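Reviewing the structure listed below.
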Amino acid sequence: MEMTGIKSIILAGGSGTRLWPLSREMYPKQFLKFGDTSLFQETVLRCLEVSDVSEIFVVTNEAQKFFVIGQIKEIGYSIPPENVLIEPEGKNTLPAIFFGMKEIGQKFGNSIVGVFSSDHVLDRAAMATISSAEKLASDYLVTFGVVPTFPHTGYGYIKAAEPCEPGYRVSEFREKPDFETAQKYIEEGCLWNSGMFLFETGLFFEEVKKHAPSIFACFERGGSIDEIYACVDNVSIDYGIMEKSDKVAVVKLNQKWSDLGNFAAIYDELEKDSVGNVVYECDPMLLNSDGNLVYSKCGKIVSLIDIKDMVIVDTSDALLICPKSSSQKVKEIVSDLKGRNDERAFIGQTVYRPWGSYTLLDVSPGHKIKNITVLSDHKLSLQLHYHRSEHWVVVKGMACVEVDGEQFFLRPGESTFIRAGQKHRLSNPGKVPLEIIEVQLGELVDEGDIVRFNDVYGRS
1 MEMTGIKSII
11 LAGGSGTRLW
21 PLSREMYPKQ
31 FLKFGDTSLF
41 QETVLRCLEV
51 SDVSEIFVVT
61 NEAQKFFVIG
71 QIKEIGYSIP
81 PENVLIEPEG
91 KNTLPAIFFG
101 MKEIGQKFGN
111 SIVGVFSSDH
121 VLDRAAMATI
131 SSAEKLASDY
141 LVTFGVVPTF
151 PHTGYGYIKA
161 AEPCEPGYRV
171 SEFREKPDFE
181 TAQKYIEEGC
191 LWNSGMFLFE
201 TGLFFEEVKK
211 HAPSIFACFE
221 RGGSIDEIYA
231 CVDNVSIDYG
241 IMEKSDKVAV
251 VKLNQKWSDL
261 GNFAAIYDEL
271 EKDSVGNVVY
281 ECDPMLLNSD
291 GNLVYSKCGK
301 IVSLIDIKDM
311 VIVDTSDALL
321 ICPKSSSQKV
331 KEIVSDLKGR
341 NDERAFIGQT
351 VYRPWGSYTL
361 LDVSPGHKIK
371 NITVLSDHKL
381 SLQLHYHRSE
391 HWVVVKGMAC
401 VEVDGEQFFL
411 RPGESTFIRA
421 GQKHRLSNPG
431 KVPLEIIEVQ
441 LGELVDEGDI
451 VRFNDVYGRS
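1 is the number of the first residue of the sequence shown in full-length UniProt numbering; add one for each residue after it.
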């Protein structure tokens with residue numbers, strides 16, 4: 001496809017509630033992989049159809065910044081560091097988009113900008129349709145409506161009016177309906193609201209100033225991004241301007257699209273066996289069972305007898321079982337966990353870090369055992385712990401260990417002991433991932449007992 005003048009904003013925040021326990025707040029669904037690439041990586045590749053890599057901006061948060069950078073590098077690209085925009089807190093889509101639009105305006109001047117969610121499935125051919133609306137975006141706030149394939153109750157709908165090539169003026173945005181109302185909407189020719197947009201920076205700012213003046217004022221007042229976000233309201237792009245402006249157009253998308261809003265949507269997307277089961281990451285025993293989604297990475301046999309149309313998701317620290325038709329209620333479980341301050345709402349047994357990951361193997365009030373993987377040419381921060389000691393055993397690769405200024409190397413089967421209060425650092429100088437078993441012992445074995453002195457990833 002011929003390169004256009006479109007710049008891209010990718011919204012990559014998220015709370016990880018709708019696909020729990022696969023996703024968590026610290027590892028939301030856009031970073032999950034149901035194949036070779038994640039949803040976020042697929043979004044980046046789609047944006048490269050219409051934007052140069054230097055013209056892609058990602059709005060995210062501090063916790064997910066390194067997933068963004070790492071996953072882009074994993075597919076062979078690198079965006080400028082200043083294009084990764086960090087929100088101090090989530091304030092919904094209008095502030096996030098304004099943040100990105102303002103940065104693009106400052107860097108490139110008046111521009112046409114595509115806005116994309118990082119956790120949607122979309123046929124890459126749709127980017128040609130999006131690109132064709134570039135001229136329309138000079139006069140309208142352009143959104144994209146997907147031609148419905150069935151009466152979906154989890155999507156909002158858009159009613160189109162008179163044509164404005166290559167789209168239509170929008171007459172009405174409609175909230176998520178019940179089944180009968182969704183059928184009526186489809187009969188009327190309504191489209192699914194995809195949550196994708198094409199905006200000209202100048203027109204966008206004019207419409208925000210007119211319909212969401214408090215948002216505009218907070219950004220125009222200036223100051224640090226922390227000060228701006230302390231000021232702005234929590235407002236969605238639809239409620240803030242799209243439903244109020246008289247300059248909104250919709251362009252039809254006939255390509256495959258899904259927001260993967262629950263496990264029923266995941267089921268629809270993945271390959272099924274002869275009786276309609278989706279089996280992922282495991283080899284279950286299925287007897288007279290069909291229409292199920294079965295996911296387990298725990299190494300156990302998952303046996304189903306006379307089970308139909310269910311979701312079974314088994315992770316090392318959580319088990320979810322529900323009818324596919326009820327999978328949208330998963331976020332209620334997560335809300336309850338958060339209300340109890342249960343860390344399983346925020347992180348899983350495997351926790352991802354800029355340098356790699358660790359998997360929690362065992363824990364008690366006085367000890368914790370982790371399997372740690374450090375990526376090639378990566379290192380942990382120089383740090384110490386006041387309340388715990390650590391014993392490291394190398395399983396695979398070669399470890400470079402620094403303790404109180406002295407450096408040495410460990411190979412598979414070799415080990416070392418780090419006393420409480422000693423400054424230390426672990427790094428992987430090799431070309432293959434380093435894997436170690438870490439045993440923590442002490443009166444306090446949690447992630448709060450870390451004092452960092454030097455960190456290549458800018459963490460404090």
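Virtual Cβ for every residue (Gly too), placed ideally from N, Cα, C.
Values in this document were obtained by computation on a predicted structure and should not be read as measured data.
The DSSP assignment places complete alpha helix (DSSP H) segments of no fewer than 4 residues inside the region 217-287 at 225-231 and 263-269, in order along the chain. For His-211, the enclosing alpha helix (DSSP H) stretches over residues 201-211. With at least 16 other beta carbons inside 10 angstroms of its own, Gln-349 counts as buried. If you ignore the 5 residues before and after Phe-219, its C-beta comes within less than 7 Å of the C-beta of Phe-98, Lys-102 and Ile-228, all in its own chain and listed in chain order.
Pairing Phe-197 with Val-232 gives a Cβ-Cβ distance that is not under 8 Å. Check the Cα spacing between Tyr-280 and each of Asn-288, Ser-194, Lys-300 and Gly-261: the tightest is with Lys-300. Every alpha helix (DSSP H) stretch that sits fully inside the region 18-67 and reaches 4 residues is listed by chain position as 39-47.
According to DSSP, residue pairing for Trp-392 in a beta bridge involves Thr-416 and Glu-438.
By the CB criterion at 8 Å, Leu-380 and Leu-426 fall inside the cutoff.
Within the DSSP bridge table, the entry for Ser-303 names Met-285 as partners. DSSP places Arg-344 in the helix class (H, G or I) of the three-state scheme. Excluding residues up to 5 positions away in sequence, Ile-418, Gln-422 and His-424 lie with their Cβ nearer than 7 Å to the Cβ of Val-403 in the same chain.
In this structure, Gly-14 is the residue among Asp-306, Gly-14, Asp-455 and Tyr-140 with its C-alpha nearest to the C-alpha of Asp-259. By the Cβ rule, the region 367-385 counts as touching the region 437-448, because three or more pairs are nearer than 8 Å. Around the beta carbon of Leu-136, 16 or more other beta carbons sit within 10 angstroms, so the residue counts as buried.
The shortest C-alpha to C-alpha distance from Glu-172 to any of Met-398, Asn-193 and Glu-406 is the one to Asn-193.
In the DSSP annotation of this structure, the continuous segment of the alpha helix (DSSP H) that includes Ile-130 starts and ends at 126-132. The DSSP-derived three-state label of Leu-122 is strand. Under the three-state reduction of DSSP output, Ser-326 falls in the helix class. Burial check for Glu-55: the Cβ neighbour count within 10 Å reaches 16 or more, so the residue is buried. In the structure shown, Gly-114 adopts extended strand secondary structure according to DSSP, grouped into three states. Contact between Ala-212 and Ile-241 is confirmed by a C-beta separation of about 6 Å, below the 8 Å threshold. Rounded to the nearest angstrom, the gap between the Cα atoms of Val-58 and Pro-354 is 17 Å.
With contacts defined by Cβ atoms closer than 8 Å, Val-250 and Leu-191 form a contacting pair. DSSP, reduced to helix, strand and coil, places Met-310 within a strand of the structure shown. Checking the DSSP bridge columns, you'll see Cys-298 has no partner listed. Gly-223 counts as exposed, since fewer than 16 other beta carbons sit within 10 angstroms of its beta carbon.
In the DSSP assignment, Tyr-168 falls outside any alpha helix (DSSP H) and lies within the beta strand (DSSP E) extending over 167-174. DSSP places Lys-368 within a strand segment (E or B) once states are collapsed to three. Taking every protein chain shown into account, the CB of Leu-410 has 16 or more other CB atoms within 10 angstroms, so this residue is buried. Going by C-alpha positions, Glu-243 is about 51 Å away from Gln-383. Contact between Asn-61 and Gly-90 holds: their C-beta atoms lie close to 7 Å from each other, under 8 Å. The Cβ atoms of Tyr-386 and Ala-420 lie closer than 8 Å to each other.
With contacts defined as CB atoms closer than 8 Å, Thr-416 and Trp-392 qualify as a contacting pair.
Of the candidates Ala-264, Val-84 and Leu-444, Ala-264 places its Cα closest to the Cα of Lys-324. Val-50 sits buried, since 16 or more C-beta atoms from the chains shown fall within 10 Å of its C-beta.
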